[in-house]
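In the working numbering, the protein residues as written are 5 to 52. Cβ atoms here follow ideal geometry from the backbone N, Cα and C, with glycine treated the same way. Predicted, not measured: the structure shown is a model, and the values here were computed from it.
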């Protein structure tokens, strides 16, 4: 899947609310990308 000039490798999906966070194969800043994935998980842990 493409998002602008970026390619999704996959997505982290919240099964309850169907929210999703794209995971890119080569993010510009891997540390920042990992932090955003962690934040998504922390935000959606309440959905479970």
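Q. Which residues in the same chain as residue 41 place their Cβ atom closer than 8 Å to its Cβ, once the five residues preceding and following it in sequence are excluded?
A. Reading the chain shown from its first residue, position 37 is the one you call residue 41. Around residue 41, the same chain offers 16, 25 and 27 as residues with beta carbons nearer than 8 Å, after the five sequence neighbours per side are excluded.
Q | Given residue 46 as reference, the closest of 12, 11, 18 and 31 once Cα atoms are compared | A | Taking the first residue of the chain shown as position 1, residue 46 is located at position 42. It is 18.
Q. What did DSSP end up calling residue 35 once you bin it into helix, strand or coil?
A. Along the chain shown, one-based indexing puts residue 35 at 31. Reduced to three states, the DSSP call for residue 35 is helix.
**Q.** CB contact flag (residue 29, residue 48, <8 Å)
**A.** Position 25 of the chain shown holds residue 29. Position 44 of the chain shown holds residue 48. No; because the gap between Cβ atoms is not below 8 Å, this pair is not in contact.
(Q) Whole angstroms are fine: how far does the CA of residue 23 sit from the CA of residue 34? (A) Within the chain shown, numbered from 1, the residue matching residue 34 stands at position 30. Within the chain shown, numbered from 1, the residue matching residue 23 stands at position 19. Taking the straight line joining both Cα atoms gives about 21 Å.
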